[in-house]
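Peer 1:
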Amino acid sequence: MSAEVQFYLVILLVYGCVALISCWGLDLQFGDTGILNFAFIVFQAVGAYTAALLTLGPVETGVFGKMQEYFWGADLPFPVPVLVAAGVGALLSVPIGFVALRRLRSDYQAVAMLAVSLIATTMMVASPGFVGGQLGLYAIPQPFEDSFALSSTEATWAYLGFCIACVAVVGWIVVRISRAPLGRTLRAIREHPDAAAALGINLTAVRMGAFVVGNALAALSGALLIQFIGAYSTNDWLFPETFILLAAVIIGGSGNKFGVMLGVLLLPVGLSEAVRYLPSIIRPGLIHQLQFIVLGMMILAFLWFRPTGLCPERRRRFDVDGRARPSLAFGGTWLGLQRGSLKRTRRPADASAEVL
Amino acid sequence: MIVGNPVVTSDFASVLELRGISKAFGDVDVVRDVTIEVARGKMTALVGPNGAGKSTLLGIVAGEHRPTSGKVLYRGQDVTSLPAFRHGQLGIVRTFQLPAEFKRLTVLENLLVVAAGQSGHRFRDIFIGRRVHWIEAERVAVARARALLARFGLEAKEDQYAGDLSGGQRRILEVLRAVMADPVVLLLDEPFAGVHPEVLGELGGFLGDLCAEGATVMLIAHELDAVERHCDSVVVMARGAVIFEGTMTDARRQREVVEAYVTG
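Order-wise, the sequence lines are chains H and S. The opening residue of the first sequence carries number 1 in the numbering used here; numbering runs sequentially from there. The opening residue of the second sequence carries number 357 in the numbering used here; numbering runs sequentially from there.
#1: Residues of chain C with a CB under 9 Å from the CB of residue 185 of chain H: which are they?
#2: Mapping the DSSP letters down to three states, classify residue 331 of chain H as helix, strand or coil.
#3: Output yes or no for whether 7 Å exceeds the beta carbon distance between residue 514 of chain S and residue 463 of chain S.
#4: With a threshold of 16 other CB atoms inside 10 Å of the CB of residue 277 of chain H, please say whether the residue is buried or exposed.
#5: Do the stretch 425 to 435 of chain S and the stretch 594 to 610 of chain S meet, that is, are 3 or more Cβ pairs less than 8 Å apart?
#6: Helix or strand or just coil, what does DSSP make of residue 613 of chain S?
#7: For residue 71 of chain H and residue 197 of chain H, I'd like the C-alpha separation in whole angstroms.
#8: Mapping DSSP to helix, strand and coil, what is residue 572 of chain S?
#9: Just the chain H side, please: which residues come within less than 7 Å of residue 464 of chain S by C-beta, in chain order?
#10: Straight-line CA distance for residue 455 of chain S to residue 518 of chain S?
#11: Just to confirm the assignment: which complete alpha helix (DSSP H) runs, minimum length 4, are found wholly within the stretch 551 to 597 of chain S?
#12: State the Cα-Cα distance for the pair residue 344 of chain H and residue 446 of chain S, rounded to the nearest angstrom.
#13: Excluding five sequence neighbours on each side, which residues of the same chain lie with their C-beta closer than 7 Å to the C-beta of residue 398 of chain S?
#14: In this structure, how does DSSP classify residue 401 of chain S when only helix, strand and coil are distinguished?
#15: How would you write the range of the beta strand (DSSP E) that residue 381 of chain S sits in, first residue to last?
#16: Answer yes if the stretch 208 to 220 of chain H comes into contact with the stretch 12 to 29 of chain H, meaning at least three C-beta pairs across the two stretches below 8 Å, and no otherwise.
#17: Helix, strand or coil for residue 430 of chain S, going by three-state DSSP, please let me know.
#18: Residues in the stretch 368 to 384 of chain S with C-beta within 7 Å of chain H's C-beta atoms, listed in sequence order?
#19: Kindly indicate if chain H contains any beta-carbon less than 7 Å away from that of residue 455 of chain S.
#20: Residues of chain H with CB closer than 9 Å to the CB of residue 525 of chain S, please, in chain order.
#21: Can you give me, in chain order, the residues of the stretch 431 to 456 of chain S that have a beta carbon less than 7 Å from any beta carbon in chain H?
#22: Bridge partners of residue 61 of chain H, per DSSP?
#23: Are there 16 or more other CB atoms within 10 angstroms of the CB of residue 410 of chain S, so buried, or fewer, so exposed?
#24: Any beta carbon of chain H sitting closer than 7 Å to that of residue 460 of chain S?
#25: Check each residue of the stretch 594 to 617 of chain S: if its Cβ is closer than 9 Å to any Cβ of chain H, include it; give the result in chain order.
#26: Report the neighbours of residue 491 of chain S on chain H: residues whose CB is nearer than 8 Å to its CB, in chain order.
#27: With residue 393 of chain S as the anchor, note down where its alpha helix (DSSP H) starts and where it stops.
#28: With 7 Å set as the bound, which would you pick, yes or no: does the beta-carbon of residue 201 of chain H sit closer than that to a beta-carbon of chain S?
#29: Out of H:230, H:315, H:98, point me to the one whose CA is closest to residue 136 of chain H's CA.
#30: Which partner residues does residue 324 of chain H have in the DSSP bridge list?
#31: Could you give the C-beta distance for residue 163 of chain H and residue 253 of chain H, rounded to a whole number, given that I count them as a contact under 8 Å?
#32: I want to verify the contact list: residues of chain S whose CB lies under 8 Å from the CB of residue 182 of chain H, in sequence order.
#33: Under 7 Å between C-beta atoms, does residue 499 of chain S make it to chain H?
#34: In chain order, what residues of the same chain have a beta carbon less than 8 Å from the beta carbon of residue 457 of chain S, not counting five sequence neighbours either side?
#35: Shortest alpha-carbon distance to residue 289 of chain H belongs to which of H:255, H:307, H:244?
#36: Using a Cβ cut-off of 7 Å (strictly closer), state whether residue 537 of chain S contacts chain H.
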């Protein structure tokens, strides 16, 4: 395999890992708990900027002035910046969640989150001295290349290994949540918050938990992304980016971890890679813009014809002795697929309009 | 035994006391100066024509609405300003006028959502708890839930989505779900509506058994024959106020009660 093909393959796989971690986080919030977090991409950005600041070191001044602008920097060894980034994402979720999740109904929560996303982007653009403004941060050192003195190719493969390890850990967490009684509590809140509260479930606390864990995963994915690509700016986290991730969750199958993986392969990875090789038509950049139109149409088509996605959320059954029936992985009878789940959508009556 | 953990008995003869409860939505007085005591271990029916303020009163007791004035005392403790979930945690569990089942959870899962004695339902359990503990607790809860379903002939439907049940079956499921939380006070908003007459008798008997085990039931109903058969006492409301307290047999003899039903 040539070096170019290897590099391309690694890029695809790292992007896939990053998208999968973030989509699992989004699915925990939206698919399991019913929180429509339109500010999800902001938390990915928080993770990315935090990891960058903790890797770049203090602001350097060259003969022509500052190389790039940011308010503070440190040079911590890998993977400390990545772990701290996830923690910062979790911490920042608390005040935002406290405002948005405590009193607002779910549709107003979505509006509040969208407002948070727009405010965050505008503030970052307007404050170039904070984390580089519209130019963003760049020249972020590659972790394995610098820390472990590996060649460029070896470093990218090593980094892919680290990303896969992160996916494994995150997968374990989300599947554990899904299978535990907590998963049932989350889904009960999603289905009927008032009834869940009447049974003694503290909606704010449980929703906050899902919000914090989901956003920590978003921040982790952002940190992994920036450590790999080495540059990040406000253009990378505009609010439509959240819709790409949301589309992957809806089309793959919200509430089904394997379905979400399938959605990630189809959309953030598949669609963006497929259009990369299409010839430029009419004018440059048009294909890229058409991507969002295709994405929007796919979301509409799925919400209309198959609201439960390609792999619907699995039905939890129990054996005669009261044990949950085993599933091999990702919350399904066989890799998340139930018999007939790809043939037809099985959903209870009156539930079709409640996906969004 | 229906209730998993025997209901903690209280020193108070009346487990629930409503003192001067009033509730207005804007200029509309929905509940007016209601003062009633609900006896421990008894089944009390709240009856009255539509718009009498029964569901609002039940919502106030459950913590869903704050009263404009007045107090709700639960085992002597003022719970008026506590949020709905705290009422649930204290043992005041309610069902709703419109079916409020968790549609995309199976029938059995609906019963397991807040099954008493379960672990593994908090985020910290996920990261530091041992899975074997919650699996064992879940097995106990599943056995109890299946026994409850069997009493109403719903055992064959345990793997169905709750949203696929008939209206009457959803009512029963909601009552059973509330019972799984080991309530001290069970507030039921029209539990008999849409339930088949034969099952209605079984439901009434079931609620009676609950009371015999120490739970207190307060329910809203329009099926006056069922109320007469199963409830210990009845509170009649009209235009937001209580117009009668006593037995259903006595209520039928009251001209004011009959007129309230005829004229609203």
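Positions of the beta carbon are idealized from the N, C-alpha and C atoms, including for glycine. Keep in mind that this is a model prediction, so the values were computed, not measured.
Peer 2: By the coordinates alone:
#1: The chain inventory of the structure shown lacks chain C, comprising the protein chains H and S.
#2: For residue 331 of chain H, the predicted structure reports a pLDDT of 45, less than 50, and the residue's modelled location is therefore unreliable. A value from the coordinates is still provided. Looking at residue 331 of chain H - three-state DSSP - the assignment turns out to be coil, as it is neither helix nor strand.
#3: yes
#4: exposed
#5: no
#6: helix
#7: 44 Å
#8: strand
#9: 318
#10: 10 Å
#11: 553 to 568, 580 to 586
#12: Reliability fails at residue 344 of chain H, whose pLDDT of 45 lies under 50, so the model's placement of it is uncertain and the value that follows must be treated cautiously. Going from the Cα of residue 344 of chain H to the Cα of residue 446 of chain S covers about 43 Å.
#13: 567, 572, 588, 589
#14: strand
#15: 370 to 381
#16: yes
#17: strand
#18: none
#19: no
#20: The premise fails here: residue 525 of chain S is roughly 12 Å from chain H at the closest Cβ pair, so nothing lies under 9 Å.
#21: 440, 441, 444, 445, 449, 450, 452, 456
#22: H:66
#23: buried
#24: yes
#25: none
#26: 323, 324
#27: Premise fails: residue 393 of chain S lies in the beta strand (DSSP E), 384 to 395, not in any alpha helix (DSSP H).
#28: yes
#29: H:230
#30: H:318
#31: That pair is no contact at about 23 Å.
#32: 476, 477, 478, 479, 481, 482
#33: yes
#34: 466, 518, 519, 521, 526, 529, 530, 533
#35: H:244
#36: yes
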